[in-house]
Each structure stands twice: as structure tokens, then as C-alpha cells.
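Chemist:
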Amino acid sequence: MLILQLFQGIYTFFLNEPAIAGGRLLLIALGFLFIYLSYKRVLEPLIMLPMGIGMLAVNGGLMVFEAGQMGNLFVNPLAGNAEEIMYFLQIDFLQPIYTFTFSNGLIACLVFMGIGAITDIDILLAKPYMSLFLAVCAELGTILTLPIAMAMGLLPNEAAAIALVGGADGPMVLYGSIMLARDLFVPITVVAYVYLGVCYAGYPFLVRIIPRRLRAVEMDWRTIPQVSPGSKFAFAVITCAFLCVLFPVAAPLFASFFVGLAIKECGVLRFIEFLSGPLLYGSTFFLGFTLGALLGVDIILNPKVMILLILGVIALTLSGLGGIAGGLIYSKVTKEPFNPLVGIAAVSCVPTTAKVAQKCAAAVNKKAMILPFAMGPCVAGVITTAILTGVYISGFVGETPIFFRIFGS
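If you use the numbering used here, the sequence shown corresponds to residues 6 to 414, in order.
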């Protein structure tokens, strides 16, 4: 046994209770699975590869400290007072990343700046009614999952946090869950990113409820009106100001997205290169790796995790169905040829769902080029999800949440 103590990762398996040891092994195996699926491009490698490595490393690298306590040298999210935080900042190598970028939502805002810098809003402004109508329809999961989650036993703030998965926007889920349910933000965010990773595989089956002849409809991208750079720049600035006034609690998200968008439309090349390159991909890397390192065995032993897994599926399925329904409705009321597959793109996993729409259209008609149209509702979905995030945070945070005062419960 003394020799085993030289290899503390193995030694701690014998010190753990069977349930904890089994949980560690399960998470290590899950980490390997994420890595393999990322390598095969089934999951998004930009986020899931570092997450998988973080998971297997933190669950394998458990060691015994003084006084018999077990822990790791990655991160301690439970450090609360200033003395504890200062101690772990000097010990755990990811603690600075967590303390200074996760606990205040900065990491989500940095990712949003990068997303803003690569977002094309031409279709959103050229066809605003179509884009916003479909985006609102695709928030069905974000709206309906809230009462479903409360009926399944979650607290209102926890229900609001998991409902945001329906918006299919990872940074938004991270920011919202930190504000709404800090104790559950790790499993909620991991659920969101894992499920968003498989959207590309799952949604093509969901859209088969649309008749084949409608999926084959061709749309002429040459009919899209041109939008001037000045109009796009003005939209970014004015919309940012308007939304920040309406929802100050979500102002960091709005400011981050629209500053990236404004810089893109202003043509500040050095800032564009920085935001869309090093900042976006550096933030995404540390987001995935730190999330993986936070995914210790205590997470899966939380009885609420299974509920979160079920609700994540419900939220994304309902949002997908809402987008499809919106696409079918719009195809009936518009006078122009319209492919209802554009509706699934309104589930705002940019640009994954837009690519799903194009892939499914091309599968039945190789001449169907709908990707330019799909980007409009996809971008609009980012904005509607941000608005709902602001509504949920404003309504469910505080000693006496606003929604409780409104409905008298």
C-alpha cells in the first residue's frame, strides 16, 4: 500500500467510497468518449476536445493533501471567502481562469465579442420580419421548458437556467446559469454544449416531418436586397443601446456581442482580426478546458443532473419543432418561394443550424441554396435568446423575484 501511495491517482480509488470511485471511472470514460467523438467530428472539437481532456485529467488526478483531504491541482469552485480564493489562486493552475473569468461571466462575454465580429447581419436587415418571426417561433423550448422544469421539481431560478438551453447558445447558457443558478451552472453548461454538439446529427431527423416537396423548394438568393455598411453599423449601435436600457442585467452580453458586430461593420481590421481570431478561439479553448476540469464526480452524484439531462433534450426538441412550425407557417403566408427548412436555422446555434438547413435541403434538391436565407433567423435567434436571458434574470433573481410579485406567488 505504501508503494501505491507513490501513484496517488490510483491510490485514491481505494480510499474513495465505491459510488465515488465508480463515478470517477465513468467521467474518465466519458472524457475519452468526448475526445474520440471530437476527433471523428461527431462533436464540435473546438469545445468538446479540451472539455474531454479536462474531464479525464481532473477525475484521474485526485490526490491526498494534508489532514487526509482529497482534491486536485486544477480548480476549486467552492472557494468562497477572500482568504480561500487567494490560497487556491496560488495552488490550482486553472483557479485564476475560473475566478476572474467564470464567476463573473467574463468568459461568455469574450466569446460573444468574437461571435459578433464574425456575424453577418445582411439577411437579418434585408428580411427582418421573416428573420424575427422565425426566431421567436424557435424560442418555443426556452419558453415551455420553464413550467415543465418547475413541474419536475426544480426551483424557479433553476428552471429558468435550464430552459435557456432551448436557445441553443452556449455562452448565453453559461452566463444565464451563473446568474440564475450558480450551484448548477457546470452541469447545465455541459449539458448545453454536449447537446449543441449533437444538434448537427439530430436535427436532420427532426426536419423530416416537413414534406419532401417543401424541403426541395429553391430560393433565389439574388433577390436579397443589398444592405449598406452604414445601416449595419447603425443597427449594431442603436440596438445595443436599446437592449441595454431594457435589460441592464444582461447589458454585458448585449455590449459584448454588438461591440464585436460594430467593429466588424466599421472595418477596423486589427480589432476584427483580434476578436475573431485569438480572442474567440482562446476564450473557447479555456471555456471548454475549464468546464471539463470543473466536471468532478460530485457533479454526477447530484440528483438534479438526470432531470437536467431530460430537460435539455426537451428544450432543444421543442425549439426545433417551433422553428419548423414557424417555417411552415411562413411558407404559407409569403408570396415568394420559401423553404420551411429555414425555420430550423432560427435555433440560434450559429452557424450550425443554418448549415443543417442547407445540408437537408441539398439532400433532396442539389440546386436548393438556402444558406444565405438561413443566416438571417440564425442571427436573429441570438438576439431573441439574449432578450429572454435578460427577462429570466430580471424576473427570477433577487430576494423577491419580479415574476413572483407579478403573479402573487
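By construction, the Cβ of each residue, glycine as well, lies at the ideal position given by its N, Cα and C atoms.
Straight-line CA distance for Val387 to Glu71?
Modeler: Val387 and Glu71: Cα-Cα distance of roughly 48 Å.
Chemist: The alpha helix (DSSP H) that contains Lys372, what's its start and end?
Modeler: No alpha helix (DSSP H) holds Lys372; DSSP gives it neither H nor E.
Chemist: Would you say Ala143 and Gly395 are within 8 Å of each other, going by their C-beta atoms?
Modeler: No, Cβ-Cβ distance for Ala143 and Gly395 is not below 8 Å.
Chemist: Do Leu99 and Phe117 have their beta-carbon atoms positioned less than 8 Å apart in this structure?
Modeler: No, the Cβ-Cβ distance between Phe117 and Leu99 is not below 8 Å.
Chemist: What three-state label does DSSP hand Val69 in the structure shown?
Modeler: Strand, per DSSP.
Chemist: Roughly how many whole angstroms lie between the Cα atoms of Gly332 and Met374?
Modeler: About 16 Å.
Chemist: Are the region 243-262 and the region 112-127 touching, with three or more C-beta to C-beta distances below 8 Å?
Modeler: As far as the Cβ criterion goes, the region 243-262 touches the region 112-127, which means the pair count is three or higher.
Chemist: May I have the straight-line CA-CA distance separating Val447 from Gly317, to the nearest angstrom?
Modeler: The displayed coordinates of the chain run from 6 to 414. Any statement about residue 447 would go beyond what the structure contains.
Chemist: What ranges does the alpha helix (DSSP H) occupy inside the region 130-169, keeping only unbroken runs of at least 4 residues that lie completely in it?
Modeler: You should have 133-142, 145-156 and 161-168.
Chemist: Give me the DSSP bridge partner(s) of Met75.
Modeler: Bridge partners of Met75: Val69.
Chemist: Please report the straight-line C-alpha distance between Phe90 and Thr106, rounded to a whole angstrom.
Modeler: Reading off the sequence shown, one finds Ile at residue 90, where the question assumed Phe. Going from the Cα of Ile90 to the Cα of Thr106 covers about 14 Å.
Chemist: State the start and end residues of the unbroken alpha helix (DSSP H) segment that holds Ile447.
Modeler: Lying before the first or after the last residue shown, residue 447 is absent from the chain, which here runs from 6 to 414.
Chemist: Between Leu130 and the rest of its own chain, which residues show a CB-CB distance below 8 Å, the 5 nearest in sequence each way excluded?
Modeler: Result list for Leu130: Val232, Ser236, Lys237 and Phe240, in chain order.
Chemist: Let me confirm a value: Phe247 is counted as buried when at least 16 other C-beta atoms fall within 10 Å, else exposed. Which label applies?
Modeler: Flag for Phe247 reads exposed.
Chemist: Straight-line CA distance for Leu201 to Gly65?
Modeler: Whole-angstrom Cα-Cα distance: 26 Å.
Chemist: Using CA coordinates, which residue listed in Gly36, Ile102, Leu35 and Phe18 is at the minimum distance from Val69?
Modeler: The residue with the shortest Cα to Cα distance from Val69 is Phe18.
Chemist: Taking just the CA atoms, how far does Pro283 sit from Gly265?
Modeler: Using only the alpha carbons, I get a separation of about 13 Å.
Chemist: Give me the residue from Thr244, Leu211, Asn109 and Asp225 with the minimum Cα distance to Phe190.
Modeler: Among Thr244, Leu211, Asn109 and Asp225, the Cα nearest to that of Phe190 is on Asn109.
Chemist: What would DSSP say about Ser233, mapped onto helix, strand or coil?
Modeler: Correct three-state label for Ser233: coil.
Chemist: Rounded to a whole number of angstroms, what is the C-alpha to C-alpha distance between Gly76 and Lys371?
Modeler: Those two C-alpha atoms are separated by around 55 Å.
Chemist: Alpha carbon to alpha carbon, how far is Thr104 from Tyr286? Give it in angstroms, no decimals.
Modeler: Distance between the alpha carbons of Tyr286 and Thr104 is about 20 Å.
Chemist: Between Trp226 and Ala379, what straight-line distance do the alpha-carbon atoms span, to the nearest angstrom?
Modeler: Answer to the nearest angstrom: the Cα atoms are 11 Å apart.
Chemist: Taking the alpha-carbon of Val302 as reference, which of Leu20, Asn21, Ile25 and Ile15 has the nearest alpha-carbon?
Modeler: Measuring from the Cα of Val302, the nearest candidate turns out to be Ile25.
Chemist: Classify Pro82 as helix, strand or coil using the three-state DSSP reduction.
Modeler: Of the three classes helix, strand and coil, the one that applies to Pro82 here is coil, per DSSP.
Chemist: Taking a contact to mean a Cβ-Cβ separation below 8 Å, would you say Tyr208 touches Gly175 in this structure?
Modeler: No, the Cβ-Cβ distance between Tyr208 and Gly175 is not below 8 Å.
Chemist: Whole angstroms is fine: what's the gap from Leu30's alpha carbon to Asn81's?
Modeler: Cα to Cα, the separation comes out at about 20 Å.
Chemist: Between which two residues does the alpha helix (DSSP H) holding Leu266 run?
Modeler: Segment Ala256 to Cys271, the alpha helix (DSSP H) holding Leu266.
Chemist: Start and end of the alpha helix (DSSP H) containing Ile33?
Modeler: From DSSP, the alpha helix (DSSP H) with Ile33 extends over Pro23 to Tyr44.
Chemist: Just to confirm before moving on: does the CB-CB distance between Leu292 and Ile52 stay below 8 Å?
Modeler: The answer is yes: Cβ separation under 8 Å.
Chemist: In three-state terms, what does DSSP make of Asn344?
Modeler: Coil, per DSSP.
Chemist: Give the C-beta separation of Ala173 and Ile193 to the nearest angstrom, bearing in mind that I take them to be a contact with Cβ-Cβ under 8 Å.
Modeler: No, Ala173 and Ile193 are not in contact; Cβ-Cβ is about 13 Å, not under 8 Å.
Chemist: When the Cα of Met311 is compared with those of Ser182, Ile268 and Ala154, which residue comes out closest?
Modeler: Comparing Cα positions, the closest option is Ala154.
Chemist: With a threshold of 7 Å on Cβ separation, who are the neighbours of Glu223 within its own chain once the five nearest residues in sequence on each side are excluded?
Modeler: Hits under 7 Å: Pro342, Asn370, Lys372 and Ala373.
Chemist: Assign Glu278 to one of three DSSP states: helix, strand, or coil.
Modeler: Here Glu278 sits in helix by DSSP.
Chemist: Could you compute how far the alpha carbon of Cys354 sits from the alpha carbon of Cys383?
Modeler: Their Cα atoms are separated by approximately 7 Å.
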